[in-house]
Amino acid sequence: MIVKLLIYDTEKSIRTNEFAAEVQAGLAATRRYLMPKYFYNDTGSKLFEEICKQPEYYLTRTETSILMKYKRDILGICGDQDISIIELGSGSSLKTKILLNEFVSNNKKIFYFPIDVSETMLNDSIDKLSTEFKNLRVIGVCSEYASGIKEVNVFMLNHSDVPESKLLVFLGSSIGNLDPVQVQKFLTALKEQVNYGDAILIGFDLQKETTILENAYNDKAGMTAQFNLNLLARINRELQAEFDLSFFMHEAFYNVKQQRIEMYLVSTCDQSVYIRGLGKHFSFKKGDRIHTENSYKFSLEGINKLAIASGLRVIKNYTDSRNFYCLSLLSRVPDTSETGK
Ligand SMILES: C[S@@+](CC[C@H](N)C(=O)[O-])C[C@H]1O[C@@H](n2cnc3c(N)ncnc32)[C@H](O)[C@@H]1O
């Protein structure tokens with residue numbers, strides 16, 4: 017019987033130069049950017065765990081409290097059957113443990129598939145989970161979201177003992193990193209991965225006062241700043257670049273019109289940086305910015321509209337007393353062709 021296993025994205029070897037290509041494209045663009053998925057190397061993943069503990073970063077604490085309060089309700093909606101829990105961007109899986117505890121203590125057979133690009137974080141969390149939960153089968157998938165789901169599907173097809181019923185989980189407000197076009201495409205694709213009766217649980221950060229939002233991304237301890245700057249340290253290490261981190265600063269602010277936190281690395285002087293791995297120099301003027309992340313903030317109405325546009329329906333929106341955060345439990349809507357309408 018499988019208790020713990022780590023599998024890899026089988027197509028990854030074809031994409032070994034992806035990091036170099038994406039850094040090159042981002043830094044050569046008119047509006048420079050680096051993709052947020054690259055935050056999460058070993059150091060970045062550890063820094064993210066530190067961010068979650070900061071007093072200003074209400075997101076983790078609020079999502080945890082909602083999970084604690086509504087775990088039984090979520091379990092009730094998912095039904096009595098054995099279940100496969102598939103989590104996108106699982107990180108430390110700390111919050112998911114709240115659900116796992118609830119499901120396992122109800123004597124269900126649970127397969128848990130955490131999917132994450134951060135190998136060290138994934139290895140560590142599947143080790144801990146398999147020691148802590150005796151009845152849990154943990155199959156970690158080191159991969160990006162879409163290819164990770166494909167790997168899980170292949171695994172399920174090849175292992176008849178894996179429960180067919182699914183709960184797809186996407187926590188930490190990571191959905192906010194996608195822009196409105198991407199998010200609808202993403203949810204529509206996610207819908208294709210579940211059957212009617214399966215559920216999808218997604219954490220959405222809600223719109224709120226600008227100061228609360230901006231403080232969360234500018235913690236006093238400087239963890240988010242370090243997390244942001246670590247992108248440059250990663251490029252230095254993996255692409256033999258010469259970024260001097262002291263010549264860049266972290267910037268994060270709320271764009272009210274777009275309803276998103278925007279995060280940048282700002283050059284504090286005129287400079288030219290050589291990236292040996294790309295064989296190129298990149299010039300920066302004082303004040304030039306590299307866009308590193310968007311974090312969209314949602315409304316309950318917006319979540320409902322988004323669900324409908326993606327062929328999903330909201331079963332329940334679980335929120336906290338301050339309406340800071342929403343955990344949406346969604347399910348697939350039958351296609352009209354299938355209902356005969
Ligand atoms: C904001 S953290 C959330 C972690 C955890 N779910 C939580 O709620 O605390 C995002 C996680 O997703 C992973 N990640 C980011 N982009 C990814 C991608 N494109 N594919 C797979 N994992 C990704 C990161 O390594 C990180 O663990």
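Under the numbering used here, the first residue of the sequence shown carries the number 17, and numbering increases by one thereafter. The beta-carbon is built from N, C-alpha and C at its ideal position, and this holds for glycine as well.
Spanning the alpha carbons of I277 and S146 requires a straight line of approximately 36 Å.
Taking all protein chains in view, the Cβ of I228 is surrounded by fewer than 16 other Cβ atoms within 10 Å, so the residue is classified as exposed. With contacts defined as CB atoms closer than 9 Å, E79 and I131 fail to qualify as a contacting pair. Taking C-beta atoms as the reference points, D235 and P71 count as a pair closer than 9 Å. Per DSSP, the continuous beta strand (DSSP E) segment holding N310 begins and ends at 305 to 312.
Where Q287 is concerned, the enclosing beta strand (DSSP E) starts and stops at 287 to 291. The three-state reading of DSSP puts T76 in helix, counting H, G and I together.
Around the beta carbon of I155, 16 or more other beta carbons lie within 10 angstroms, which makes this residue buried.
Here C285 is not near I319, since their CB atoms are 9 Å or more apart. According to the DSSP assignment, S347 belongs to the beta strand (DSSP E) that extends over 341 to 348. Proximity of the region 44 to 60 to the region 118 to 135 meets the contact definition, three or more beta-carbon pairs being nearer than 8 Å. In the three-state scheme derived from DSSP, where H, G and I count as helix and E and B as strand, P179 is classed as coil. With respect to the 9 Å criterion, Y280 and H307 are classified as neighbours on the basis of their beta carbons.
Between the beta-carbon of G188 and that of G60 there is about 14 Å, and that puts the pair past the 8 Å contact cut.
Residue pairing of F127 in beta bridges, as defined by DSSP: S100, R153. Sequence-distant Cβ neighbours of R47 in its own chain, meaning closer than 7 Å and more than five residues away, are H307.
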